[in-house]
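Worksheet: one structure, shown below.
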Amino acid sequence: MIRDQIKQVIEQALAAAQADGQLPEIEQPAIEVLRPKQAGHGDYSTNVAMVAAAALRKSGASSNPRAIAEIIAAHIPADGLVGRVEIAGPGFINIHLSERWLQQQVNAIVAAGDAFGAIDIGRGAYWQVEYLSANPTGPVHYGGARNAVLGDSLANVLEAAGYRVQREFYVNDAGNQFNIFAATLYARYAQLLGRDEAIPEDGYAGEYMIGYAQTIVERCGDRFLHMDRNAAIGELKELSKELVLASLQSEVSKLGIRYDRWFSEQSLYDSGLVYEVLDKLRARGDIGERDGATWFLASKYPKVDKDEVVIRSNGMPTYFASDIAYHYDKFVVRGFDHVVNIWGVDHQGHVPRMAAVMAALGLDPSRLTIVLHGLVKLIRNGEEVKLSKRRGALITIGDVVDEVGADAVRFNLLTRGPESTIEFDLDLAAQASWDNPVCYVQYSHARICSLLSNAESKGLNLQPESDLSSLLTHEVEIALIKKILELEEQIELAVEKLSPHNLTHYATDLAKAFNAFYRDCRVVDSAEPTLSAARLQLSQAARIGLKNTLTLLGISAPESM
RNA sequence: GCCCCCUUAGCGCAGAGGAUAGCGCAACUGCCUUCUAAGCAGUGGGUCGCAGGUUCGAAUCCUGCAGGGGGCGCCA
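Counting the first sequence from 1 gives a position; this note's numbering is that position plus 1432.
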């Protein structure tokens, strides 16, 4: 990464100055290399002289940050990626990247292709991202789209950053909700076959249940009516789980979401792991009995003020009991180095308890990150919509995708940090205009593709044998190269924040940089075949940058629009 | 009542302890015989919620306050 290279150059310059005796030996200062906001302040700048000056002052020596900066700057080698260097303000060293070095990166970007942007800060660490987990009791509410999109894009970003990533959906197929679901399904099924069967109290009233029942009638006929009611419900549970998961899978696939594993909560009971892990905690003194129930003594741990029931007084385990076993399975059985769970803010109360669980399991709580995201409000005609007009029921992910398209959904949900509440304007999102930034980015990509095919049809050379990059001297050409090269740092930032939302902003910036180049530099010009070839290489590099960024976001990069 | 999150231009939002706080929309002004005008350029617009503190330096860190959202179940 460029910033790391700059940092190295600075460290070496500091060491060289000390070796020359021009600077006294001091403790290695914590060098920060940052990107100045101000255009005139270079591509990167460092506070090393100010930090060094502070260290010298501490040891009693007199010091002038600007003088120190001059000495360090004089020891930066003139060849390589650093070009012009200036001292400014209280003692910043402002660094301009070398133009020649920048030009040379164009060919490197084109050569890297799909791999451009990939970095290796993960070093193969094994991470899991769990997202959208829910009861398999029907279609997913549109709010889940945000959860899914955050998790999916984050997983993409982690992979690009050198992590091994497993994407998981936790299927809450144990517990009461799912029993009620199966009982409801039985009732709908019986009704379809003409039997008068009431939907259970607290049952699932949604119309979609009839659809599931219909499928079961088609597949199995009326055989469940001829068996014991409870046995029928038991069999329906398994059958319906398959049905629901299949429809869920097809629904989220509309958003480009995929999973490596669908992990069954019930399997934690079938294998006995839930009680096994509870016994481990009991042996540590983290489990206690009170009021006829069994409790996890969470309040022993920091930031938790209440204990938590794991087994109700009626003998039924809670969701929390299997959740403990689930995380034991993730870390101890499957050995993930780090786990990211994506949850809606309404689950925030659960976060400190999970940290307590980690500690109780003897695991470092920092290995589990829970990304909380705000809720999504749908807006149409300036008003919040809660029900689907078409179906008179809850709005699902599929409904929203059908209305505005997957790309618009993903881009819009990924432009803001996870903690924000989003007002998703359906009218704006569906518009094919600049009001909809995803169109701007995609249009720019399509424009480059059209440029390239146009050049090809005119017989221009798209793959020159020699390095023509030194012809790229225009201000906007250099600016475009710099912007493309930013992708690596943007990926690093998204990993640090465990949120990909900076990438949507970056995609817009990159598209903007390309459009400025397109405006000021004639690319396809038969009268100037050599310059054209150089600019076509740069266009190709810009296309790769845009495409790779969109791919990380899970958004398509159309070749024509 | 206790805990968590949010508060940045008219609106929607970025902002990584650094220098003169950005982007888009909306508003206003220009640019289509020329590679996709779904585009480009320019102008105006700010007590970074308020008050303290830490720091050479704070939108960013700490404390308090106000407004908004969320959470505090033998629910998930």
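Virtual Cβ for every residue (Gly too), placed ideally from N, Cα, C.
Quiz item: Are three or more beta carbon pairs between the region 1589-1607 and the region 1551-1559 nearer than 8 Å?
Solution: yes
Quiz prompt | Candidates Val1955, Leu1671, Ala1587, Leu1582, of which the one nearest Ala2055 by Cα | solution = Any answer about residue 2055 is impossible in this case: the structure gives the chain only from 1433 up to 1993.
Practice problem: Determine the direct distance from the alpha carbon of Arg1722 to that of Thr1847, and round the result to whole angstroms. | Solution: 47 Å
Quiz prompt | C-beta atoms of Ile1665 and Tyr1618 nearer than 8 Å | solution = yes
Quiz item: DSSP puts Pro1573 in a beta bridge; with which residues?
Solution: As written in the sequence, residue 1573 is His, which differs from the Pro given in the question. In the DSSP output, where bridge partners are listed per residue, His1573 has Thr1828.
Practice problem: Classify Val1466 as buried or exposed, calling it buried when 16 or more other Cβ atoms lie within 10 Å of its own Cβ. | Solution: As written in the sequence, residue 1466 is Leu, which differs from the Val given in the question. Leu1466 comes out exposed.
Quiz prompt | Residue interval of the alpha helix (DSSP H) (run including Thr1962) | solution = 1961-1985
Practice problem: Would you check if there are 3 or more beta carbon pairs closer than 8 Å linking the region 1848-1856 to the region 1928-1937? | Solution: yes
Quiz prompt | Segment contact, 8 Å Cβ cut-off, at least three pairs: the region 1896-1914 with the region 1944-1952 | solution = yes
Practice problem: Could you tell me which uninterrupted alpha helix (DSSP H) segments, each at least 4 residues in length, are contained entirely in the region 1490-1541, listed from first to last along the chain? | Solution: 1497-1506
Quiz item: Is Ser1682 helix, strand or coil by DSSP?
Solution: helix
Self-check item: Sheet register partners of Val1817 (DSSP bridge)
Solution: Leu1810
Practice problem: Please list, in chain order, all residues of the same chain as Val1783 whose beta carbon is under 6 Å from its beta carbon, the five residues on each side excluded. | Solution: Ile1802
Quiz item: Whole beta strand (DSSP E) runs in the region 1745-1817 with 3 or more residues, listed along the chain?
Solution: 1770-1776, 1800-1805, 1808-1812, 1815-1817
Quiz item: From Asn1662 to Lys1669, what does the alpha carbon distance come to, in whole angstroms?
Solution: 11 Å
Quiz item: Taking the C-alpha atoms as reference points, what is the distance between Val1561 and Ala1757?
Solution: 17 Å
Practice problem: Reducing DSSP to helix, strand and coil, say where Val1561 ends up. | Solution: strand
Exercise. Mind the definition here: the region 1890-1898 touches the region 1955-1962 only if three or more C-beta pairs lie below 8 Å; say whether that holds.
Key: yes
Self-check item: Alpha carbon of His1805 to alpha carbon of Ser1685, nearest angstrom
Solution: 21 Å
Quiz item: So, is His1759 buried or exposed, given that buried needs 16 or more other C-beta atoms within 10 angstroms?
Solution: buried
Quiz item: Is Asp1796 buried or exposed, if buried means 16 or more other CB atoms sit within 10 Å of its CB?
Solution: exposed
Quiz item: Which residue's Cα is closest to the Cα of Ala1462: Phe1656, Gln1470, Val1480, Ala1622?
Solution: Val1480
Exercise. Measure how close the beta-carbons of Val1538 and Ser1901 come, nearest whole angstrom, since I'm counting them as under 8 Å.
Key: 5 Å
Quiz item: Does the beta-carbon distance from Ala1966 to Lys1979 come in below 8 Å?
Solution: no
Self-check item: Buried/exposed call for Asp1634, threshold 16 Cβ in 10 Å
Solution: exposed
Quiz item: Is it buried or exposed for Thr1981, if we count other Cβ within 10 angstroms and need 16 for buried?
Solution: buried
Quiz item: Across which residues does DSSP place Thr1940 in a beta bridge pair?
Solution: Looking at the DSSP assignment, Thr1940 forms no beta bridge with any residue, so it has no partner.
Exercise. Would you check if the distance between the CB atom of Tyr1644 and the CB atom of Ser1682 is smaller than 8 Å?
Key: no
Quiz item: Taking the C-alpha atoms as reference points, what is the distance between Val1741 and Phe1752?
Solution: 8 Å
Exercise. Could you check the C-alpha separation between Gly1717 and Gly1767 for me, to the nearest Å?
Key: 25 Å
Quiz item: How would you call Asn1844, buried or exposed, if buried means at least 16 neighbouring beta carbons within 10 angstroms?
Solution: buried
Self-check item: Where Gly1666 sits in the DSSP three-state scheme
Solution: helix
Quiz item: Counting along the chain, where does the alpha helix (DSSP H) carrying Gly1643 start and finish?
Solution: 1640-1652
Quiz item: Given Glu1924, which residues of its chain have a CB within under 8 Å of its CB, disregarding the five upstream and five downstream residues?
Solution: Met1433, Ile1551, Ile1553, Ala1593
Quiz prompt | Through-space distance from Asp1452 to Ala1486, alpha-carbon basis | solution = 21 Å
Practice problem: Please report the Cβ distance between Val1771 and Phe1763, rounded to the nearest whole angstrom; I am assuming they are in contact, meaning their Cβ atoms lie under 8 Å. | Solution: 7 Å
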